[in-house]
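Peer 1:
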Amino acid sequence: MGSAAAVEFDHVWYSYSGGKYALRDVSFRVAAGEIVALVGRNGSGKTTALRHLNGLLKPTRGTVSILGVDTKETSAGRLSRHVGLVFQSPRTQLFAQTALEEAAFGPRNFRLKDPLEAARRALASLGLGGFERVPPLSMSGGQQKRLSIAAATSWYPEIVGLDEPTVGQDLVNRMRLLGLIKLWSSRGVTTIIASHDVEFLWLLEPRVIAMSNGSIVADGSAREVLLNQTAVDAMGFRPPQLVEIAEKLRILSGKSKTVADVVSGLTRTGR
Ligand SMILES: Nc1ncnc2c1ncn2[C@@H]1O[C@H](COP(=O)(O)OP(=O)(O)OP(=O)(O)O)[C@@H](O)[C@H]1O
Ligand SMILES: [Mg+2]
Numbered sequence: 001m002g003s004a005a006a007v008e009f010d011h012v013w014y015s016y017s018g019g020k021y022a023l024r025d026v027s028f029r030v031a032a033g034e035i036v037a038l039v040g041r042n043g044s045g046k047t048t049a050l051r052h053l054n055g056l057l058k059p060t061r062g063t064v065s066i067l068g069v070d071t072k073e074t075s076a077g078r079l080s081r082h083v084g085l086v087f088q089s090p091r092t093q094l095f096a097q098t099a100l101e102e103a104a105f106g107p108r109n110f111r112l113k114d115p116l117e118a119a120r121r122a123l124a125s126l127g128l129g130g131f132e133r134v135p136p137l138s139m140s141g142g143q144q145k146r147l148s149i150a151a152a153t154s155w156y157p158e159i160v161g162l163d164e165p166t167v168g169q170d171l172v173n174r175m176r177l178l179g180l181i182k183l184w185s186s187r188g189v190t191t192i193i194a195s196h197d198v199e200f201l202w203l204l205e206p207r208v209i210a211m212s213n214g215s216i217v218a219d220g221s222a223r224e225v226l227l228n229q230t231a232v233d234a235m236g237f238r239p240p241q242l243v244e245i246a247e248k249l250r251i252l253s254g255k256s257k258t259v260a261d262v263v264s265g266l267t268r269t270g271r
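The UniProt record's numbering puts the first residue of the sequence shown at 1, with every later residue one more than the last.
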């Protein structure tokens, strides 16, 4: 036996109020510091899987363990100390009078030494420095999403679940988010993201778990899964455009990755 995984799904089945299964025999282990993306069509079970991370949902069958603890053996309150979860629609999560208070809620709740300082840092890390006194509900959709990420991570949880974090984010903020997730990872924070944003995932290079009808159909590196034709067909997404362009031009076949790679490939082939 190795040490406990940060997150472990062991033959998890889940059905909402006795309906058809939204998760069907899902098993995976995520190590501390790993970045994992869940991809798949609408309704494939990504959000349902994320809701299992903090015990909001508990498996109908099978086991979810967080830092070695079975979510059925502990309370959602206890789990929330370790898991920051950001939902698909941020408005449902925002309740405080100001952005600073929103981000300070977790640090206060979990009795950090300096809750306001933790909150300020979280806001700044999401490009919301200067928004401290702004009422959350008067912020734009993209800003609210980033505020909900700040508020879900301001107390330094070991595990972060992000549901569609790039929706509504401009380029600067997408890149900021990318850097932040990598920084968390370097500090041992485990991040699980549900996303349809193939271009973003290509740059983030997470481990990718592809889901279809509640089951895992592929699990591997971003390159393996996002370029795997069978997974792509099952998933209904397109491979990153950069890769398509490079392949159509027959440069760097299967190897192209960054814009710089493609440009140097074009230069070398004299196009
Ligand atoms: N609260 C709910 N009550 C009943 N069924 C639900 C509920 N939430 C989701 N489902 C069902 O569970 C299945 C998985 O939904 P889920 O939200 O996990 O998909 P998803 O992969 O996150 O999709 P999307 O890409 O649209 O966000 C779907 O069939 C959906 O209809
Ligand atoms: Mg979803």
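We treat Cβ as the ideally placed atom computed from N, Cα and C, and that holds for glycine.
All figures in this text were calculated on a predicted structure; none of them were measured in a lab.
#1: In whole angstroms, give me the CA-to-CA distance for residue 173 and residue 167.
#2: Considering only the alpha carbon of each residue, which of 77, 123, 140, 16 lies closest to residue 177?
#3: Mark residue 6 as exposed unless 16 or more other C-beta atoms lie within 10 angstroms of its C-beta, in which case mark it buried.
#4: Between the Cα of residue 8 and the Cα atoms of 20, 16, 17, 27, which residue gives the shortest distance?
#5: Using a Cβ-Cβ cut-off of 8 Å (strictly less than) and excluding sequence neighbours within five positions of residue 241, which residues of its own chain qualify?
#6: Is the beta carbon of residue 58 within less than 7 Å of some heavy atom of ligand 1?
#7: Any idea which residues DSSP pairs residue 23 with across the strands?
#8: Under the three-state reduction of DSSP, which class applies to residue 231: helix, strand or coil?
#9: Between the segment 8–25 and the segment 77–94, do at least 3 Cβ pairs fall closer than 8 Å?
#10: Which term fits residue 36, buried or exposed, when burial requires 16 or more other beta carbons within 10 angstroms of its beta carbon?
#11: Give the straight-line distance between the Cα atoms of residue 155 and residue 40, rounded to the nearest whole angstrom.
#12: Using a strict less-than 5 Å threshold between each residue's beta carbon and the heavy atoms of ligand 1, what residues do you get?
#13: Using the rule of at least 16 other Cβ atoms within 10 Å of the residue's Cβ for burial, across every protein chain shown, is residue 114 buried or exposed?
#14: Exposed or buried, residue 175, counting other C-beta atoms within 10 Å across all chains shown (16 or more means buried)?
#15: Can you check the segment 173–221 for any beta strand (DSSP E) of at least 3 residues that lies completely inside it and give the ranges in chain order?
#16: Just verifying my parser: in three-state terms, what is the DSSP assignment at residue 61?
#17: Compute the beta-carbon to beta-carbon distance between residue 208 and residue 222, rounded to the nearest angstrom, for a pair I have assumed lies under 8 Å.
#18: Tell me the residue span of the beta strand (DSSP E) that contains residue 161.
#19: Expressed to the nearest angstrom, what Euclidean distance is found between the alpha-carbon atoms of residue 63 and residue 118?
#20: Judging by CA-CA distance, which residue of 201, 215, 32 is the nearest neighbour of residue 47?
#21: Could you tell me which residues DSSP pairs with residue 151 in its beta bridges?
#22: Taking 7 Å as the line, does the beta carbon of residue 194 fall inside it for any heavy atom of ligand 2?
#23: Under 6 Å Cβ to Cβ from residue 234, same chain only, skipping five residues before and after it: list those, please.
#24: Kindly list the residues whose CB is nearer than 6 Å to the CB of residue 116, restricted to its own chain and excluding five residues on each side of it in sequence; keep chain order.
#25: Are the CB atoms of residue 33 and residue 189 nearer to each other than 8 Å?
#26: Among the candidates 108, 125, 126, 135, whose CA atom is the shortest distance from the CA of residue 91?
#27: Does DSSP put residue 244 in a helix, a strand or coil?
Peer 2: To lay it out plainly:
#1: Taking the first residue of the sequence shown as 1, we reach residue 173 at position 173. Taking the first residue of the sequence shown as 1, we reach residue 167 at position 167. Rounded to whole angstroms, residue 173 to residue 167 spans 11 Å at the Cα level.
#2: The sequence position of residue 177 within the sequence shown is 177, counting from 1. With distances taken between Cα atoms, residue 177 lies closest to 123.
#3: If you number the sequence shown from 1, residue 6 lands on position 6. Under this definition residue 6 is a buried residue.
#4: Here residue 8 corresponds to residue number 8 of the sequence shown, with the count starting at 1. For residue 8, the nearest C-alpha among the options comes from 27.
#5: For the purposes of this step, residue 241 is taken as the residue at position 241 of the sequence shown. So the qualifying residues of the chain are 199.
#6: Position 58 of the sequence shown, counting from 1, holds the residue named residue 58. Result no, Cβ not under 7 Å from ligand 1.
#7: Mapped onto the sequence shown, residue 23 falls at position 23. According to DSSP, residue 23 bridges with 14.
#8: The residue given as residue 231 occupies position 231 in the sequence shown. If DSSP states are grouped into helix, strand and coil, residue 231 belongs with the helices.
#9: no
#10: Stepping through the sequence shown from its first residue, residue 36 is reached at position 36. Its Cβ being crowded by 16 or more others within 10 Å, residue 36 is buried.
#11: The residue labelled residue 155 in the question sits at position 155 within the sequence shown. The residue labelled residue 40 in the question sits at position 40 within the sequence shown. Each residue's Cα considered, the two are about 30 Å apart.
#12: 16, 22, 42, 43, 44, 45, 46, 47, 48
#13: To locate residue 114, count along the sequence shown from 1; it is residue 114. Under this definition residue 114 is an exposed residue.
#14: Here residue 175 refers to the residue found at position 175 when the sequence shown is read from its first residue. Exposed is the call here.
#15: 190–194, 207–212, 215–221
#16: Looking up residue 61 in the sequence shown gives position 61. It is a strand residue.
#17: Position 208 of the sequence shown, counting from 1, holds the residue named residue 208. Position 222 of the sequence shown, counting from 1, holds the residue named residue 222. Rounded, the Cβ-Cβ distance is 5 Å, consistent with contact.
#18: Position 161 of the sequence shown, counting from 1, holds the residue named residue 161. Per DSSP, residue 161 belongs to the beta strand (DSSP E) from 159–163.
#19: Here residue 63 refers to the residue found at position 63 of the sequence shown. Here residue 118 refers to the residue found at position 118 of the sequence shown. Between residue 63 and residue 118, the C-alpha separation is close to 33 Å.
#20: In the sequence shown, counting from the first residue as 1, residue 47 sits at position 47. That would be 215, whose Cα lies nearest to the Cα of residue 47.
#21: Working through the sequence shown from its first residue, we reach residue 151 at position 151. Note: residue 151 sits in no beta bridge, so no partner.
#22: Along the sequence shown, read from residue 1 onward, the residue named residue 194 stands at position 194. At least one heavy atom of ligand 2 is nearer than 7 Å to the Cβ of residue 194, so yes.
#23: Here residue 234 corresponds to residue number 234 of the sequence shown, with the count starting at 1. 212, 217.
#24: Translated into the one-based positions of the sequence shown, residue 116 becomes position 116. Once the five neighbours on either side are set aside, the close Cβ partners of residue 116 are 104.
#25: Start at 1 with the first residue of the sequence shown, and residue 33 comes out as number 33. Start at 1 with the first residue of the sequence shown, and residue 189 comes out as number 189. A contact, by the Cβ cut-off of 8 Å.
#26: As a first step, residue 91 must be located in the sequence shown, where it is residue number 91. Closest option to residue 91, Cα to Cα, is 135.
#27: As a first step, residue 244 is located in the sequence shown; it is residue number 244 there, counting from the start. Helix at residue 244.
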